[in-house]
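Worksheet for the structure shown next.
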Amino acid sequence: MKSNSDQLMEALHDIVEGRAVKRSKHELIFQGNNVTEAFIETLRLHQYLPGTVDDIDIKPGERVPAFYIEDHTAYFGWVFWEKFTELRLRKLFGTVVRNPKGDWLIQLPPKSPKIIYVNRSTIFEMDIDRPFEL
Numbered sequence: 001m002k003s004n005s006d007q008l009m010e011a012l013h014d015i016v017e018g019r020a021v022k023r024s025k026h027e028l029i030f031q032g033n034n035v036t037e038a039f040i041e042t043l044r045l046h047q048y049l050p051g052t053v054d055d056i057d058i059k060p061g062e063r064v065p066a067f068y069i070e071d072h073t074a075y076f077g078w079v080f081w082e083k084f085t086e087l088r089l090r091k092l093f094g095t096v097v098r099n100p101k102g103d104w105l106i107q108l109p110p111k112s113p114k115i116i117y118v119n120r121s122t123i124f125e126m127d128i129d130r131p132f133e134l
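Sequential numbering from 1 applies to the sequence shown in the working numbering.
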């Protein structure tokens, strides 16, 4: 039988890796305790390092996985370039969780000072004309 600590660590790893659980919005409470610090340590073990959207060096048509933590809730999303026109682009973090209008629940632009945890070693290609299909 696994200890509570083992269960917690397995659950945190599953969230970060997207195994056995969908990466989306996760309350970081385990048996009534805030486990945000343990989650941040798990992120570091999986090469998710802190930074801002502006710190992320990606090209249009690329995206990198990231987590944003607010209070005791972790939101999974991507840092990518959003295309408005051929000449107008913006880099942002957008959550996979959507608002009622279908847009990203949380969006962080490059000038936001908010910290996200990004795995810069995992760059994926994406269709810049269809960011909603992330």
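Glycine included, each C-beta is placed from N, C-alpha and C at the ideal position.
Exercise. Which residue's Cα is closest to the Cα of residue 31: 4, 112, 22 and 47?
Worked result: The shortest C-alpha separation from residue 31 is found at 4.
Problem set entry | Length at least 3, wholly inside the stretch 69 to 112: the beta strand (DSSP E) runs in chain order | Counting only runs that start and end inside the stretch 69 to 112, the beta strand (DSSP E) elements of at least 3 residues fall at 73 to 83 and 89 to 95.
Problem set entry | Proximity winner among 35, 112 and 33, relative to residue 90 (alpha-carbon distances) | 112
Problem set entry | Status (buried if at least 16 other CB within 10 Å, exposed otherwise) for residue 65 | buried
Problem set entry | Pick from 57, 60, 24 and 120 that is closest to residue 97, judged by C-alpha positions | The residue among 57, 60, 24 and 120 with its C-alpha nearest the C-alpha of residue 97 is 24.
Exercise. Residue 61 to residue 1, Cα distance in whole Å?
Worked result: 46 Å
Exercise. Can you tell me whether DSSP reads residue 63 as helix, strand or coil?
Worked result: strand
For this session: State the start and end residues of the unbroken beta strand (DSSP E) segment that holds residue 28.
Result: First-last for residue 28: undefined, no H or E at that position.
Problem set entry | Backbone CA spacing between residue 118 and residue 18 [nearest angstrom] | 14 Å
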